[in-house]
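Trainee: For the sequence shown, the UniProt record's numbering gives the first residue as 1, with consecutive numbering after it. Attaching a single structure in structure tokens format; questions to follow.
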Amino acid sequence: MKRSVLRALLSGAYGLAWLAARPVLCRHKRLQEGFPQRLVPDGWPGSALGMETGDGSASSHTRSDIWLQAASGGEAYLVWELLAHLAVLCEKQGTPEPLRVLATTWTRQGLDILQDMSGKLHEKHPWLSVRSAFFPLDAPKLMEKALDQVRPRVVGLLETELWPGLMLACEKRHVPMLILNGRMTDKSLRGYLKLEAAIPGFWESIAPKHVCAISKADAGRFARIFGGDRVEAVPNIKFDRATATAIPAVSDPLLKLLPPELHARQTVLLASVREQEEPALLSVIQTLHAHDAPTIVVAPRHMHRVKPWQALLSGAKLPAVMRSKQEGTIPAGSIVIWDTFGELGQLYQLADAVFVGGSLAPLGGQNFLEPLALGRIPCCGPHLDNFAWALEPSGEAERDSLETLGLLQTGENAKAVAALLQQQLTLPTPHDAVRERFQHWLAPRLGGSARCAQRLLDEMR
């Protein structure tokens, strides 16, 4: 059977699978909000859906020059960094023409970040308008309709996402697609290669115009399915985000909750914790609470885990308070469940010891560079596969790893993590010294945002 026929059959079956899944997806915790948007109604993503342009005014048009897709909150911050660098590049080249960007995401967390981003970017760069919306279901026909309404000059996918429906639609509508800050695990590659074995040449037939991968290893994996001529390794955009400077303490809105005069009691932050590591972290909390009784802040990676954390702590007879219900100073020694998204950077600055989650269970880890940029040495579990790009050498300028430089601590289990956090409380490292060492380590790794932004601009010429 011809490859084109097989691809058409696969496209049809894939679309039917999305159609059959709609009754389940519309009740999914992370997808039910804005579900009608995800079906690409007429006018999507315009003002009929309550979407706003960067200047805050409703717009009847649906056209955007660039369409960027970010899975959730973490990727949404990368879109922000990418567009900030794109704006700088445009302004360096002269007076920029008006540029319209559509930024989509799967989750409410991602949408909140994108909406915050749009106003701030437009305020600084009035010629740049960004609108945000929920990402459509990946059925090929829906994606064709979305492309017809948005009519982007280029589409960019951030990080790990390969959406066959959108890729098929882009190929059919002759819209160039880029994968930016791309990463791919060995497990994902095995899955893609199974499809390739069934339909030889499938991935290459809908391949993106270019892939900017975050490491040589990731570039090699992308090359196996798309071909090496369209893939390159660039620095991770997250390195650029790690250049963030500390927020002045006087303007920190959380100071009223965790005031500095109470820091003698010390604060431990368990950041971006994931469901699978909750039992292990309960053990960490019990150890810390029994020995030093610091204030312990639990910040789940996903907000739907707030209630399970309440139940877990209550079952262990550890009373906890919710951040959203606190108006005055949080008593020293409290356990606080942080049920407000978007404050993690400020929490890092108020913490005396930091654990970064996704690492005590085989989940690949969460971003441990952010606390380093704010002068806090992160403690992690052993599972950091998703951040191998941050642990590998960077040419002649890099002779030491983060761990040998004392900028990263890892514990094999909950007991070891608890001991490392206790050590951070007992023997703190000056925050300015941590920041300085980290910036020196970071310097040769910067520039990924500008290179990805330039790729977008090149495709629009």
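Cβ atoms here follow ideal geometry from the backbone N, Cα and C, with glycine treated the same way. No experiment lies behind these values; they were computed from the predicted model shown.
Taking 8 angstroms as the cut-off, does the region 303 to 317 touch the region 333 to 341 (at least 3 CB pairs, one atom from each stretch)?
Mentor: The answer is yes - the region 303 to 317 touches the region 333 to 341, with three or more Cβ pairs under 8 angstroms.
Trainee: Which value, in whole angstroms, describes the spacing of the CA atoms of Gly165 and Gln69?
Mentor: Roughly 13 angstroms separates the two Cα atoms.
Trainee: Hey, is the region 196 to 216 in contact with the region 410 to 421, meaning 3+ C-beta pairs nearer than 8 angstroms?
Mentor: Flag = no, the region 196 to 216 and the region 410 to 421 do not touch.
Trainee: Helix or strand or just coil, what does DSSP make of Ile337?
Mentor: strand
Trainee: How long is the line joining the alpha carbons of Phe387 and Thr243, rounded to whole angstroms?
Mentor: 17 angstroms
Trainee: Can you tell me which residues form a DSSP beta bridge with Gly156?
Mentor: Leu68 and Leu178
Trainee: Give the DSSP-derived three-state secondary structure of Cys380 in the structure shown.
Mentor: Three-state result, Cys380: strand.
Trainee: Touch check for the region 234 to 243 and the region 442 to 450: three-plus C-beta pairs under 8 angstroms?
Mentor: yes
Trainee: Where do the ends of the beta strand (DSSP E) carrying Met322 lie?
Mentor: Ala320 to Met322
Trainee: Could you pull the start and end residues of the alpha helix (DSSP H) that Pro300 belongs to?
Mentor: Note, Pro300: premise wrong, no alpha helix (DSSP H); beta strand (DSSP E) at Thr295 to Pro300.
Trainee: Cα separation between Asn413 and Leu360?
Mentor: 7 angstroms
Trainee: Within the 7 angstroms Cβ cut-off, does Pro382 reach chain B?
Mentor: The structure shown has no chain B; it contains just one protein chain.
Trainee: Rounding to the nearest angstrom, what Cα-Cα distance links Phe226 and Glu204 in this structure?
Mentor: 5 angstroms
Trainee: Buried or exposed: which applies to Ala373, given that a residue is buried once 16 or more other Cβ atoms fall within 10 Å of its Cβ?
Mentor: buried
Trainee: Going by C-alpha to C-alpha distance, which of Glu370, Leu111 and Thr429 sits closest to Leu405?
Mentor: Looking at the Cα atoms, Thr429 is the closest of the given residues.
Trainee: So Arg100 and Asp65 are supposed to be a Cβ contact under 8 angstroms. How far apart are they, rounded?
Mentor: 5 angstroms
Trainee: Looking at the strands, I want to know which residues DSSP matches up with Val268.
Mentor: Ile296 and Ala353
Trainee: I'd like the list of long-range same chain contacts for His125, defined as Cβ closer than 6 angstroms, with 5 residues on each side in sequence excluded.
Mentor: Ala87
Trainee: Would you kindly check if the distance between the Cβ of Leu157 and the Cβ of Ser132 is under 7 angstroms?
Mentor: no
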